[in-house]
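Numbering (the working numbering), first residue to last: -5 to 204.
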């Protein structure tokens, strides 16, 4: 989960509660079985700051493009006489007549996540903010996974595994993990538990830093 200007797990919305995690797992299982894109709709971020559903036609175009994102990240299409180019790795739409850029997200569960953020093309530095948002989204995914593993390691009293996950989280904090993500994952509370539940000074040192 990211802030309102970002994306959840690469542009999928809504939050990372246990219920929503179960829903995501179920939706992705159904996708694996049926090949059908999980129910939802693509949205575009308006200048007002509101996310607005795109047309059914455009949503269909974007769903098809997302399924091919590893082979071809961009898709070009025309709506009401206006030509658009959308990049499903950047989660960005361009009105090619005005070069206006807008963020995209999926209001639902995406069938899979991207594993790494794209680089900014030197010839198009205006895509920099979109890359930064994707990196933040990826950091959110990785932090959520690390917190789950950290919880398990604490339950098992496995100090080595605890230290490994704390170091992962510390690295994410030093890069692009957002404050809101930390709050929603209760990262401070989890690190405090790690510090309290172990006598390992190395573990305590990393947990205290977090």
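Every residue gets a Cβ at the ideal spot worked out from N, C-alpha and C, and that includes glycine.
Output needed for residue 204: all residues of its chain with C-beta closer than 8 Å, excluding positions within five of it in sequence on either side, in chain order. 160, 163, 164, 167, 181, 182, 185
Residues that residue 34 bridges to, as DSSP identifies them: Partner(s): 102.
For residue 42, report the span of its alpha helix (DSSP H) as first-last. Unbroken run through residue 42: none, as it is neither H nor E.
Would you please state the rounded distance, in angstroms, between the beta carbons of residue 100 and residue 34? I believe it to be under 8 Å. 6 Å
Which residues does DSSP pair with residue 78 in a beta bridge? DSSP links residue 78 through a beta bridge to 71, 89.
C-alpha gap between residue 29 and residue 118, whole angstroms: Whole-angstrom Cα-Cα distance: 34 Å.
Where residue 146 falls, given that 16 or more other Cβ within 10 Å makes a residue buried: Exposed.
Could you check which residue in 97, 48, 85 has the C-alpha nearest to that of residue 73? 48
How would you call residue -4, buried or exposed, if buried means at least 16 neighbouring beta carbons within 10 angstroms? Its pLDDT being 36, under 50, residue -4 is placed unreliably in this model, and the coordinates cannot settle the point.
Taking 6 Å as the limit between beta carbons, can you name the residues of its chain near residue 21, skipping five residues before and five after? 32, 103
Under a three-way DSSP split, which group does residue 180 fall into? coil
Does the stretch 126 to 143 come into contact with the stretch 168 to 180, if we say contact requires no fewer than three beta-carbon pairs (one atom in each stretch) closer than 8 Å? yes
For residue 127, does the count of other Cβ atoms within 10 angstroms reach 16, so buried, or fall short, so exposed? Of the residues assessed, residue 127 falls on the buried side of the cut-off, its CB having 16 or more other CB atoms within 10 angstroms.
Could you pull the DSSP bridge partners for residue 66 from this structure? The partner list for residue 66 (beta bridge, DSSP) is empty, contrary to what the question assumes.
Roughly how many whole angstroms lie between the Cα atoms of residue 82 and residue 63? 6 Å
Could you check where the alpha helix (DSSP H) with residue 159 kicks off and where it finishes? 153 to 167
Continuous alpha helix (DSSP H) stretch holding residue 119: start and end: It is not in any alpha helix (DSSP H) - residue 119 carries neither H nor E in the DSSP assignment.
Residues bridged to residue 97 by DSSP? 86
Are the beta-carbon atoms belonging to residue 56 and residue 69 less than 9 Å from one another? yes
Taking only three categories from DSSP, how would you classify residue 191? coil
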